[in-house]
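Protein chains in written order, with the working numbering: chain A, 2 to 479; chain B, 33 to 286. Here a beta-carbon is modelled for each residue, glycine too, at the ideal position from N, C-alpha and C. All of these numbers come straight from a predicted model, not from anything done at the bench.
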């Protein structure tokens, strides 16, 4: 059972709850509550910082998706909603109920819980989606006044101040407001309330600025005769790449991920997806990446059409990348990643850990340089690290801190001539409870042949809890 | 015309001229060399290690100490070869970045490529050499035949990038330098006991560096001290003494 999840946000000097999951709300935690109070109420809350900008970006992305998929008129209703004008669009997806169900399914796959209301006007839909009983509410045409009558006045978007004054007068539902004469209402509470009432019942129009959906840059090619040979596909790819690069240049974008949809005459579509280490619109580079993958295409009885789209694109200014002196490495990284897989290319980065096997982390090959001195330079580190460390047997060493005088490793006896150490490395007890008292004593030794090894003994040689005094070879020095 | 070129003297002269054109490339960058700043080694190599070429190094024996010395020799060369990134392709995963960093090759400059087959290592190396934007391309490999090394040598020449092959010992593959290779030079390294220090501790590593073979030159062997923090090797102190002693003695006698 996961801990109840809440997000926190600063409100002046204190932290308050920004949002709470269903489980947390069931325990009595509500947005707006001080965080300290919530912590006192429920033990073991999973608290994360709220990310309003990230939320807005997500809503904008969903709006963009909706504008492409469900209706051409969509807009983000920040902070947490979407406006969709589905006039004339619902029947394309089998009616309003099926459209709503399709939206719910699609967003549920993305891990989002949705509430949907469909009504003649935005005001009614807005209130019903947030305050109504059902997750999907469809109001028959012309009946929005009845539909919103039972909603609380907060559903009117009138602001906390007017809400409070209404509550003080004992007016809680929209229906009670609708029953009242309009003139005194306007005089007492201002035009806002009346305008919002009209918008909720559909008597006043409400303009919404629909966003312009972003288009996925794509290039299509349909063939008069189905093609099947690798040469023909390669030839078509040249044209597609050039056309796509033209689109990308117009839009000022660079492709991060490409999708080549291979449509065969039997109606199946074979997608081919490739990623780039850096946004690019270099037609030759794209063509080479695609050429390397032609052999994975199964043409079947023939290919009808090819569609090349940049499914992930980033703004890319018209700058010159690389010069003759320092050519850009991204094309090389892409080509090698295409051959060996993206995980095969990497760079090392330092991790703040004294435990040698945890001191290195993998970064993408083109990650921004870290600079500086990544690891402390005063302790020599081996050039080859054995992972896992290999046991050394027949070790002769003085306790508690003598270097080994001889040891056997990989069935060979090594007589130690000189040694440095010990370098004591403690287990990371603050991260792992199993390393509570673990200690390793590292020695750098040179044997009579001049080979240098990094050996360690588990335990400090005094306290048994620190280790069992077993010896290991952990690395080889040059 | 035909009769002219058939005359033995002119035909030979013409061939010689054409060969010399093939051998000597116009661009100065193709002759660039990396010096060791050790007179004996640089002189033997004709002013240093040829940069646009393939060089191979291997441990003198399959022992871990010798192989580590060869690894450090290669890493030190790569660290000194320029400021552009270095690509290191191999099948083994035991290369330790903190140890490499202590030889002057910063992890920001070291792009690692994990391959599962020798062919992939060679292909990745060739691709990287042909790209031209790196200061060195390193491959760790057990077997590489004449064809493979010839391809690498040509790619290195074409883009003026150094290719370095670290030949690992593997029981099934036989001795690393048993098969012929198109490499410009071949080196073996053997770990030697370091010079004893006045106090307890381990001194600077000492290697026997053997130039097994070089194109257009003779081999030789030196006793050197291992790479420092900038990747440089140095002639072992007592080896310097040995070469100098007779001369000094002679001067004194005079």
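For the stretch 439 to 459 of chain A, the set of positions with a beta-carbon nearer than 9 Å to some beta-carbon of chain B reads 445, 446, 447, 448, 449, 450, 451, 452, 453 and 454 in chain order. Per DSSP, residue 262 (chain B) has no beta bridge partner at all.
By the C-beta criterion, the stretch 146 to 166 of chain B is judged to be in contact with the stretch 117 to 127 of chain B, since at least 3 inter-stretch pairs fall below 8 Å. Here the alpha carbon of residue 170 (chain A) sits roughly 12 Å from the alpha carbon of residue 189 (chain A). Taken atom to atom, the span from the alpha-carbon of residue 30 (chain A) to that of residue 192 (chain A) is near 35 Å. The alpha carbon of residue 149 (chain B) has as its nearest neighbour, out of B:44, B:194 and B:123, the alpha carbon of B:123. For residue 199 (chain A), the uninterrupted alpha helix (DSSP H) segment begins and ends at 192 to 202. Among the bridge pairs identified by DSSP, residue 246 (chain B) is matched with B:217 and B:249.
Secondary structure of residue 271 (chain A) (DSSP, three-state): strand. With contacts defined by Cβ atoms closer than 9 Å, residue 156 (chain A) and residue 201 (chain A) form a contacting pair. Each residue's CA atom was taken as its position, placing residue 133 (chain B) and residue 476 (chain A) some 15 Å apart.
Of the residues assessed, residue 304 (chain A) falls on the buried side of the cut-off, its CB having 16 or more other CB atoms within 10 angstroms.
By the Cβ-count criterion, residue 147 (chain A) is exposed, with fewer than 16 other Cβ atoms from all chains shown falling within 10 Å of its own Cβ. Put simply, of A:3, A:154, A:219 and A:70 the residue whose alpha carbon is nearest the alpha carbon of residue 25 (chain A) is A:3.
Of all residues in the stretch 363 to 394 of chain A, the ones placed with a Cβ closer than 7 Å to any Cβ belonging to chain B are 366, 370, 371, 372, 375, 376, 378, 381, 382, 383, 384, 385, 386, 387 and 388, in chain order. Out of A:286, A:403 and A:205, the CA that lies nearest to the CA of residue 463 (chain A) is found in A:403. Contact annotation for residue 476 (chain A) against chain B: 128 [CB-CB distance below 7 Å, chain order]. Counting other Cβ atoms within 10 Å of its Cβ, residue 49 (chain B) stays below 16 and is therefore classed as exposed.
Taking a beta-carbon distance threshold of 9 Å, residue 198 (chain B) does not count as an interface residue toward chain A. A direct Cα-to-Cα measurement between residue 389 (chain A) and residue 474 (chain A) gives close to 9 Å.
For residue 159 (chain B), the neighbours in chain A by C-beta distance under 9 Å run, in chain order, 333, 336, 337 and 340. Here the stretch 251 to 259 of chain B lies against the stretch 232 to 239 of chain B, with 3 or more beta-carbon pairs under 8 Å apart.
Under the three-state reduction of DSSP, residue 396 (chain A) is assigned to strand. Chain order gives the chain B residues near residue 348 (chain A) as 117, 129, 139, 140, 141, 142, 143 and 144, where near means a beta carbon separation below 9 Å. When secondary structure is reduced to three states using DSSP, residue 429 (chain A) falls in the coil class, being assigned neither helix nor strand. Annotation for residue 205 (chain B): no alpha helix (DSSP H) segment contains it, and DSSP assigns it neither H nor E. Separation of residue 349 (chain A) and residue 137 (chain B) (C-alpha to C-alpha, rounded to the nearest whole angstrom) is 12 Å. For residue 87 (chain A) and residue 120 (chain A), the gap between their C-alpha atoms comes out near 10 Å. By the Cβ neighbour-count rule, residue 212 (chain B) is exposed, with fewer than 16 other Cβ atoms within 10 Å of its own. Runs of the beta strand (DSSP E) spanning 3 or more residues and lying entirely within the stretch 62 to 106 of chain B occur at 86 to 91, in chain order.
Residue pairing from DSSP places residue 172 (chain B) in a beta bridge opposite B:198. Secondary-structure assignment with DSSP links residue 315 (chain A) through a beta bridge to A:255. One finds nothing in chain B with a Cβ atom closer than 8 Å to the Cβ of residue 17 (chain A); even the nearest lies about 43 Å away.
Secondary-structure assignment with DSSP links residue 415 (chain A) through a beta bridge to A:408.
In the structure shown, residue 213 (chain A) adopts coil according to DSSP, grouped into three states.
For residue 286 (chain A), the enclosing alpha helix (DSSP H) stretches over residues 284 to 292.
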